[in-house]
Structures are given as C-alpha cells and as structure tokens.
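There are 2 protein chains.
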Amino acid sequence: MPKTLGKDSTCSIARSLEVVGDTWTLLIVREAMVAGYTRFQEFRDALGIAPNILTKRLALLLDEGLMVRRTYQEPGCRAREEYALTEAGRSLSLVIAALGEWGRTHRPHPGGTTPEFLVEESETPAQLAFVTSDGAHVPPERLVARRTPDR
Amino acid sequence: MPKTLGKDSTCSIARSLEVVGDTWTLLIVREAMVAGYTRFQEFRDALGIAPNILTKRLALLLDEGLMVRRTYQEPGCRAREEYALTEAGRSLSLVIAALGEWGRTHRPHPGGTTPEFLVEESETPAQLAFVTSDGAHVPPERLVARRTPDR
DNA sequence: GCACCTGAGTAGCTGCCCGCAACTCATCCG
DNA sequence: CGGATGAGTTGCGGGCAGCTACTCAGGTGC
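Just so you know, the sequences run in chain order A and B. According to our numbering, the first sequence holds residues 8 to 158 in order. According to our numbering, the second sequence holds residues 8 to 158 in order.
Structure follows, in structure tokens:
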C-alpha cells in the first residue's frame, strides 16, 4: 500500500486498495468466507502466516469494519476470541470471485481450487458477469471503461 | 506479496494475488484501462509513482503477459515505447469493477470517481453481478462460498 | 496442588523492497 | 550547439514483512 495516495484519494479503487491492497488481507477474508474460519489459529494454520502479521492484519480488518471480534465460550473451555466478517467484509465476495476467476483462467494450476459461490439453500452455482439493465451478459472484451463521478 | 505462498499455490486467488496483489500493479492496469494511458510518463504523472517502482511494475506486467511493449513513432518524433494491455490484462476488468464498486459503497468519498463500464458502441452501462444459469441476479448476501477443484 | 497443553497473541531481530531524489542517456527542436 | 523531453538507472534510508522464540491465561490429567 503506497503511502503517496492516502485514504482520501478521489479514486474509489485506490481507496479499496488502501484496505485490501495487501495480499494477506484478502486471503484472510477468503478463508473466512470460503472455509468459514473464525479463529486465530485457523487462519494461522490455513495460510502459514506469521502470528504478528496475522495480529496486524486482523486489527486492520477490525479497524476498517470488515470484521468484528466476538468472545465466545464453548462448554468446558475458556473464553476465546473469534473474528467474523461483517456485511462490508462479506460484500468483498465480488472481488474474491473476480480474482479467483482470473487466476483460474489465466494462471491455471494442476490440482488448483477456486472458490465457487452458490445460492443459499437452492445450491445453484452463481457466476460473476457483466450484465446490462436488460439482463444480457456482456463479455469483458466488449466493454470500454470510463471514469464517472460517484453519486 | 508474501513469499511463503509462491506461484504454485493451489489456490487460484493466491496465484492471482501473486501478480496483482501489489497496489500499484492494479492501479497501472486501471489507468491503462480507464484513461487509456500507454506511456511511461502518463502513468508516472497520473499515479505519482516513483520511476524505479514504475519500471519494476511495468517489467512485472510484461513478464506476466498482462501488457506488451511496443515501439511506436509519431511523425517528427523519435521512436518511443508504449505499454498496452493484453487480453489477460483487459480481463482484469472484473477485478477492477469489483474493487471500484466496493470502494464506492463502503468507502464513499465526496467528489470520488469510479470506473464505469460501457458496452462498446451502444454505450449501455454494464454492472457487475452474480447471476445464475437462468439469468437471475443474486445479491452477494444470499451466496455461500465453497472451495471447488478447477476443471 | 502442580505440571502440562493449547490458543492467542507479543518481542526482537534481519533483510528486502518501497519510495525519494538525483543522475544518465538518447533523440529531436530551434 | 544548447536545451527540452521521454524513458529510464543508481544510490541511499527507513519501514514493514517474515521468522523464531517467548509470554500469558485458563483448563486438564494425576
């Protein structure tokens, strides 16, 4: 995360990257989202991340409102902390899906895995796509980008 | 980009982040995509990035096949280098759009701007969304994620 | 009661890489 | 020939990543 463009960059992408531009942050979100992990040790084991880095990243995620810390207590155990995604964190699913899709097609890997998103209960798989207001899918090649003021 | 998970991570997201997990890389792609910039100085001026970092990032983008370098010559000028997105680079538009959308809604900023994607020629705006095979939109809250082997 | 385990961190150190500024190098213009 | 411009390279300095080792609190086995 470059310090030259702070959190008040006018570009929404720069502001997003200020939060999730670090590699580990998105991977933690991914583990929370896909594997349902909530505990320090789960993230540590799953990612092989150093504990001090994990502490720092979780603190960032709490700070930024992407996760909340809750104290829970299983019977017969002492109270522990767990970290759960907030709505803001869960709505990163589009970013996660886009990255997964890109990696799967442009950086294929034997035995690789990619998160798939299913509609609750019906278990129907959902794809990420560009759609117009009339519901038609548009492949990315047919799009041009333009900077637009937020409303 | 953590060195602990190399390019051969089985997770497609980790492999994607290995390429675009750095803040500047995606911002360069964004400038190329949204503003149509192709030249060293254009990126430098638009992003305020240090030249050595820009050199390194452009080299990475060339290496990874997201951009190609071409020599061009305007009449009356000497030959220059320009950097253009490849198909792999352009297909990061989903990631860019997802990040822009997230930043716009969760990190709003007065006077902020977000890239908007329009269908070529018809100029119809296109939105990023999860859709099922029957074409229905699904809001991210109604999705559950699952790790799936690539095919 | 005491040793031990486990989960959740903290502390200290090393090295790399970011970021800045200054410099180079080639070419074109006047 | 002198200056401007575009495209970088080089040389520092500081900060954060990443590793390892340590701490601390509570529960369990004996």
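Even glycine gets a Cβ: it sits at the ideal position worked out from N, Cα and C.
Cβ of residue i within 7 angstroms of any chain A Cβ
i	result
residue 96 of chain B	no
residue 127 of chain B	yes
residue 154 of chain B	yes
residue 136 of chain B	yes
residue 131 of chain B	yes
residue 122 of chain B	yes
residue 78 of chain B	no
residue 114 of chain B	yes
7 angstroms Cβ cutoff, residue i in contact with chain B
i	result
residue 17 of chain A	yes
residue 68 of chain A	no
residue 89 of chain A	no
residue 49 of chain A	no
residue 146 of chain A	no
residue 52 of chain A	no
residue 61 of chain A	no
residue 245 of chain A	With chain A running from 8 to 158 in the structure shown, residue 245 of chain A is simply not present.
residue 40 of chain A	yes
residue 111 of chain A	yes
residue 75 of chain A	no
residue 149 of chain A	yes
Enclosing alpha helix (DSSP H) for residue i [first to last residue]
i	result
residue 37 of chain A	30-37
residue 71 of chain B	Element bounds for residue 71 of chain B: n/a, residue is neither H nor E.
residue 53 of chain B	47-54
Endpoints, the beta strand (DSSP E) within which residue i is located
i	result
residue 27 of chain A	Careful: residue 27 of chain A lies outside any beta strand (DSSP E), inside the alpha helix (DSSP H) at 19-27.
residue 78 of chain A	74-79
Distance cut-off 6 angstroms: residue i Cβ against heavy atoms of the ligand ATP
i	result
residue 30 of chain B	Absence of the ligand ATP is noted for the structure shown, with no ligands found whatsoever.
Legend entry - Complete runs of the alpha helix (DSSP H) confined to the region 84-151 of chain B [at least 4 residues]: 94-97, 100-113
Inset, instruction - Pull out every residue of the region 19-38 of chain B whose Cβ sits closer than 9 angstroms to any Cβ of chain A, in chain order. - result: Hits within the stretch, in order: 19, 20, 21, 22, 23, 24, 25, 26, 27, 28, 29, 30, 31, 33, 34, 37.
Inset, instruction - Count the C-beta pairs between the region 28-41 of chain A and the region 98-109 of chain A that are closer than 8 angstroms, then say yes if the count reaches three, no if not. - result: Contact holds: three or more Cβ-Cβ distances are below 8 angstroms.
Inset, instruction - Taking 8 angstroms as the threshold, find out whether the region 126-136 of chain A comes into contact with the region 65-78 of chain A through three or more Cβ pairs. - result: no
Inset, instruction - Can you give me, in chain order, the residues of the region 97-109 of chain B that have a beta carbon less than 8 angstroms from any beta carbon in chain A? - result: Within the region 97-109 of chain B, the residues whose Cβ lies closer than 8 angstroms to any Cβ of chain A are, in chain order, 97, 98, 99, 100, 101, 102, 103, 104, 105, 106, 107, 108, 109.
Inset, instruction - Check whether the region 140-155 of chain A touches the region 109-126 of chain B, taking contact to mean three or more Cβ pairs, one atom from each stretch, closer than 8 angstroms. - result: yes
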